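Chains as they are written, first to last, in the UniProt record's numbering: chain A, 1 to 95; chain B, 1 to 496.
A short worksheet on the structure shown next.
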Amino acid sequence: MSIDTETAAKVAKLARIRVEPDALPALAAEFNTILGFIEQLGEVDVEGVEPMTGVTAQRLKRREDVVTDGDQQDRVLANAPDAREGFFAVPKVVE
Amino acid sequence: MMDDLNRLTIAAARDGLRDKSFTSAELTEACLGAIDGADALRAFVHKTPEIARAQAAQADAQIAQGAAADLCGVPIGIKDLFCTEGVASQAASRILDGFVPQYESSVTAQLRGQGAVMLGKLNMDEFAMGSSNETSVYGAAVNPWRRAGSDTPLTPGGSSGGSAAAVAADLCLAATGTDTGGSIRQPAAFTGITGLKPTYGRCSRWGIIAFASSLDQAGPMTRDVRDAAIMLGAMAGHDPRDSTSVDIPVPDFEAALTGDVRGKRIGIPNEYRIEGMPDEIAKLWEEGTSMLREAGAEIVEISLPHTKYALPAYYVIAPAEASSNLARYDGVRFGHRAALDAGDGITEMYEKTRAEGFGAEVQRRVMVGTYVLSAGFYDAYYNRARKVRALIKKDFDDVFAAGVDAILTPATPSAAFGLGEMSDADPVRMYLNDVFTVTVNLAGLPAISVPAGRDAEGLPLGLQLIGRPFEEGPLLNAAYSLERSAGFVAKPSKWW
Numbered sequence: 001m002s003i004d005t006e007t008a009a010k011v012a013k014l015a016r017i018r019v020e021p022d023a024l025p026a027l028a029a030e031f032n033t034i035l036g037f038i039e040q041l042g043e044v045d046v047e048g049v050e051p052m053t054g055v056t057a058q059r060l061k062r063r064e065d066v067v068t069d070g071d072q073q074d075r076v077l078a079n080a081p082d083a084r085e086g087f088f089a090v091p092k093v094v095e
Numbered sequence: 001m002m003d004d005l006n007r008l009t010i011a012a013a014r015d016g017l018r019d020k021s022f023t024s025a026e027l028t029e030a031c032l033g034a035i036d037g038a039d040a041l042r043a044f045v046h047k048t049p050e051i052a053r054a055q056a057a058q059a060d061a062q063i064a065q066g067a068a069a070d071l072c073g074v075p076i077g078i079k080d081l082f083c084t085e086g087v088a089s090q091a092a093s094r095i096l097d098g099f100v101p102q103y104e105s106s107v108t109a110q111l112r113g114q115g116a117v118m119l120g121k122l123n124m125d126e127f128a129m130g131s132s133n134e135t136s137v138y139g140a141a142v143n144p145w146r147r148a149g150s151d152t153p154l155t156p157g158g159s160s161g162g163s164a165a166a167v168a169a170d171l172c173l174a175a176t177g178t179d180t181g182g183s184i185r186q187p188a189a190f191t192g193i194t195g196l197k198p199t200y201g202r203c204s205r206w207g208i209i210a211f212a213s214s215l216d217q218a219g220p221m222t223r224d225v226r227d228a229a230i231m232l233g234a235m236a237g238h239d240p241r242d243s244t245s246v247d248i249p250v251p252d253f254e255a256a257l258t259g260d261v262r263g264k265r266i267g268i269p270n271e272y273r274i275e276g277m278p279d280e281i282a283k284l285w286e287e288g289t290s291m292l293r294e295a296g297a298e299i300v301e302i303s304l305p306h307t308k309y310a311l312p313a314y315y316v317i318a319p320a321e322a323s324s325n326l327a328r329y330d331g332v333r334f335g336h337r338a339a340l341d342a343g344d345g346i347t348e349m350y351e352k353t354r355a356e357g358f359g360a361e362v363q364r365r366v367m368v369g370t371y372v373l374s375a376g377f378y379d380a381y382y383n384r385a386r387k388v389r390a391l392i393k394k395d396f397d398d399v400f401a402a403g404v405d406a407i408l409t410p411a412t413p414s415a416a417f418g419l420g421e422m423s424d425a426d427p428v429r430m431y432l433n434d435v436f437t438v439t440v441n442l443a444g445l446p447a448i449s450v451p452a453g454r455d456a457e458g459l460p461l462g463l464q465l466i467g468r469p470f471e472e473g474p475l476l477n478a479a480y481s482l483e484r485s486a487g488f489v490a491k492p493s494k495w496w
């Protein structure tokens with residue numbers, strides 16, 4: 001299937017990446033090249049094959065459901081572009 | 001002798017430090033001097049000489065007391081993808097500009113704990129997405145090798161191109177790399193060094209900036225196979241903070257290096273004879289096969305029928321995982337935030353920040369990943385790719401079950417190419433660099449790239465050996481045999 005500029009704009013929106021309208025045709029063309037390459041997967045007989053989630057057969061380790069870390073507010077906020085009064089500050093979220 | 005300390009292997013440095021032929025302080029100064037004289041290679045992007053000198057002094061004290069670990073006092077470089085406490089860790093991306101981790105990755109903490117000396121952070125492709133280092137926000141690292149009679153700057157490969165350039169140019173004794181589709185092995189092959197991608201789960205991923213979590217694995221990039229064995233031992237081990245790290249003992253990998261491969265079965269996969277393979281690569285592969293045969297290994301033709309589908313499966317799975325992992329770069333918690341216009345809300349902040357912060361290749365992969373995971377395409381693309389991945393792994397399971405001990409292939413489809421030479425090519429052509437390496441990540445296997453020859457223009461070429469899961473010892477031993485037979489000792493002549 002072929003991706004048009006409208007679909008490219010929708011994908012950019014979903015990915016939260018601003019793409020200027022005049023860049024959309026080139027983006028759509030790149031998507032089509034990559035998806036054209038991926039289309040080969042359609043040739044493979046995958047009847048009855050389980051989709052793989054991880055390569056190791058082991059069951060993931062579990063641990064006690066207890067707090068093991070925390071109380072590091074200053075360090076958590078140390079790299080924030082805008083931190084105020086112990087919080088991450090962001091632009092207005094709700095009108 | 002004292003002038004050339006930066007050219008030592010880890011093994012030689014370890015021995016020299018222990019018998020007091022030189023100190024870690026001297027060794028470290030030799031490397032710091034070499035680094036300062038090599039800015040043209042753009043390998044080290046955040047230098048940490050103060051840390052290095054302090055760690056060297058500590059290491060010398062430790063060695064004086066005896067009982068020092070193998071890497072104690074050995075100066076190494078760290079790929080910019082590893083979070084290092086108090087030292088910029090940017091994944092070569094603008095979006096992490098100014099990010100200084102408050103914590104240390106498990107692998108680098110282990111190396112530090114054993115007394116390794118950190119010289120600084122190494123260049124790479126942005127978020128490890130690339131095969132030429134050209135997607136780096138710092139500008140591409142440059143290969144210390146040049147074609148005979150030419151001064152065209154060549155790529156050191158990617159994504160761990162800074163690590164490869166630094167080891168090849170003797171700026172450090174070894175370096176960490178990470179490998180999601182070939183990012184340790186391809187740059188190692190392009191620069192005439194050894195690069196090992198361990199089995200998935202062998203080294204902790206905690207504190208390594210994530211690209212594709214089911215494929216990423218850290219590993220050593222070194223001058224030779226023995227050093228890879230030593231450094232893997234220092235990097236490996238279970239970590240409770242990474243639930244995919246495997247809780248099994250770490251063997252003495254160096255002790256596995258006997259060089260004896262008699263009776264070992266080495267598989268030659270038919271499907272890796274790709275159309276258009278350059279004669280030099282085919283010849284090198286033939287020669288490597290002969291070397292192992294002459295060393296007493298049994299060579300067997302094998303089939304890995306789904307090989308052709310590894311790259312397309314990878315270019316669904318890796319972008320899908322990347323789109324999820326890179327969602328965290330939103331201008332809120334760390335790194336770059338775009339300047340906003342009056343009236344901009346949070347969505348505009350996200351979109352502008354990510355448009356400014358991510359380079360073109362990262363944006364492309366995040367969007368492809370978003371697309372293949374979106375409603376209506378999830379089954380057709382993502383689930384299908386995961387099923388194909390299961391078949392690719394089964395191909396390997398089958399040949400190992402049939403008694404094959406290791407598989408020999410070329411590491412790359414060509415020698416290092418010129419920086420900028422691929423800039424007009426479509427993205428898929430760049431992806432073909434990973435054609436021999438990417439199957440290994442999909443199957444979670446260990447594999448090593450060993451320098452084995454040079455092309456007509458004098459550039460290094462590598463061969464790849466693929467091993468059974470968690471059998472890095474026997475894999476390294478086969479690589480050791482190949483290394484001894486190939487006798488690759490060439491070094492780039494210094495122009496920088």
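The beta-carbon is built from N, C-alpha and C at its ideal position, and this holds for glycine as well.
Quick caveat, the model's predicted, so the values are computed rather than measured.
Using a Cβ-Cβ distance cut-off of 7 Å, determine whether GLN40(A) contacts chain B. Yes - at least one Cβ of chain B is within 7 Å of the one on GLN40(A).
Can you grab the Cα-Cα spacing for the pair ILE302(B) / ALA229(B), in whole Å? Computed Cα separation, rounded: 27 Å.
Can you check whether the C-beta of VAL67(A) is within less than 7 Å of a C-beta belonging to chain B? By this cut-off, VAL67(A) is not an interface position.
Helix, strand or coil for LEU465(B), going by three-state DSSP, please let me know. Three-state result, LEU465(B): strand.
Which runs of the alpha helix (DSSP H) fall wholly inside the region 37-89 of chain A and span at least 4 residues, in chain order? Listed in chain order, the complete alpha helix (DSSP H) runs (minimum 4 residues) inside the region 37-89 of chain A are 73-77.
Excluding the 5 residues flanking MET1(B) on each side, which residues of the same chain have their C-beta closer than 6 Å to its C-beta? In this prediction, MET1(B) scores a pLDDT of 47, lower than 50, which makes its location untrustworthy; the coordinate-derived value is nonetheless stated afterwards. The beta carbon of MET1(B) sits closer than 6 Å to none of the beta carbons in its chain outside the five residues before and after it.
Cβ contact check for the region 460-480 of chain B and the region 422-433 of chain B: 3 or more pairs under 8 Å: With contact defined as three or more Cβ pairs closer than 8 Å, the region 460-480 of chain B and the region 422-433 of chain B are not in contact.
For a contact meaning CB atoms closer than 7 Å, what does SER89(B) contact in chain A? Within chain A, no residue comes near SER89(B); the closest Cβ sits about 10 Å away, beyond 7 Å.
Distance check for GLU39(A) and ILE274(B), CA to CA, integer angstroms please. Going from the Cα of ILE274(B) to the Cα of GLU39(A) covers about 19 Å.
DSSP three-state assignment for ASP4(B), whether helix, strand or coil: In the three-state reduction of the DSSP assignment, ASP4(B) falls in the helix class, which pools H, G and I.
Just confirm the distance between the C-beta atoms of PHE44(B) and GLY120(B), as a whole number of angstroms; I'd bet it's less than 8 Å. Between PHE44(B) and GLY120(B), the beta carbon gap of about 5 Å places them in contact (Cβ cut-off 8 Å).
So, is VAL438(B) buried or exposed, given that buried needs 16 or more other C-beta atoms within 10 angstroms? Counting every other CB atom within 10 Å of its CB across the protein chains shown gives VAL438(B) a total of 16 or more, marking it as buried.
For ILE281(B), collect the residues of the same chain with a Cβ closer than 6 Å to its Cβ; drop the 5 residues on either side in sequence, then sort them by chain order. Closer than 6 Å at the Cβ level, and outside the excluded window around ILE281(B), lie PRO410.
Might you give, ordered along the chain, the residues of its own chain that have their beta carbon closer than 8 Å to the beta carbon of LEU311(B), omitting 5 neighbours on each side? Excluding sequence positions up to five before and after LEU311(B), its CB lies within less than 8 Å of the CB of TYR431, LEU432, ASP434, VAL435, VAL438, all in the same chain and listed in chain order.
Cross-chain neighbours of residue 147(A) in chain B, by beta carbon under 8 Å: The displayed coordinates of chain A run from 1 to 95. Any statement about residue 147(A) would go beyond what the structure contains.
Closest Cα partner of PRO474(B) within the set ARG53(B), GLY263(B), LEU81(B), GLY345(B): Of ARG53(B), GLY263(B), LEU81(B), GLY345(B), the residue nearest in Cα terms is GLY263(B).
Own chain, CB closer than 8 Å to PHE334(B), minus 5 neighbours either side, in chain order: LEU96, PHE99.
Taking C-alpha atoms, which residue in ARG94(B), ALA38(B), TYR329(B), ARG18(B) lies nearest to SER493(B)? Ranking ARG94(B), ALA38(B), TYR329(B), ARG18(B) by Cα distance to SER493(B) puts ALA38(B) first.
Is LYS13(A) near the ligand GDP, judged by its Cβ being under 6 Å from some heavy atom? As presented, the structure is devoid of all ligands, the ligand GDP included, so that no description of it is given.
Is the beta carbon of GLY201(B) less than 7 Å from the beta carbon of ALA168(B)? Taking C-beta atoms as the reference points, GLY201(B) and ALA168(B) fail to come closer than 7 Å.
With a threshold of 7 Å between beta-carbons, can ARG75(A) be considered close to chain B, or not? Answer yes: the Cβ-Cβ gap between ARG75(A) and chain B drops below 7 Å somewhere.
With a Cβ-Cβ cutoff of 7 Å, do VAL87(B) and ILE10(B) count as a contact? Taking 7 Å as the Cβ cut-off, VAL87(B) and ILE10(B) do not qualify as a contacting pair.
Candidates LEU41(A), THR5(A), LYS92(A), of which the one nearest VAL316(B) by Cα: The shortest Cα separation from VAL316(B) among LEU41(A), THR5(A), LYS92(A) belongs to LEU41(A).
Which residue comes first and which comes last in the beta strand (DSSP E) that contains SER449(B)? Counting along the chain, the unbroken beta strand (DSSP E) around SER449(B) starts and ends at 447-454.
Is the region 175-195 of chain B in contact with the region 447-459 of chain B, if contact means three or more CB pairs nearer than 8 Å? With the rule of 3 Cβ pairs closer than 8 Å, the region 175-195 of chain B counts as touching the region 447-459 of chain B.
PHE127(B) to LYS61(A), Cα distance in whole Å? So the two alpha carbons sit approximately 28 Å from each other.
Which of the three DSSP states is assigned to ARG265(B) in this structure? DSSP, reduced to helix, strand and coil, places ARG265(B) within a strand of the structure shown.
Straight-line Cα distance separating ALA175(B) from ALA166(B): Rounded to the nearest angstrom, the two C-alpha atoms are 8 Å apart.
Inspect the CB distances between the region 137-144 of chain B and the region 152-163 of chain B and report whether three or more fall short of 8 Å. Under the 8 Å Cβ criterion, the region 137-144 of chain B counts as touching the region 152-163 of chain B, having at least three qualifying pairs.
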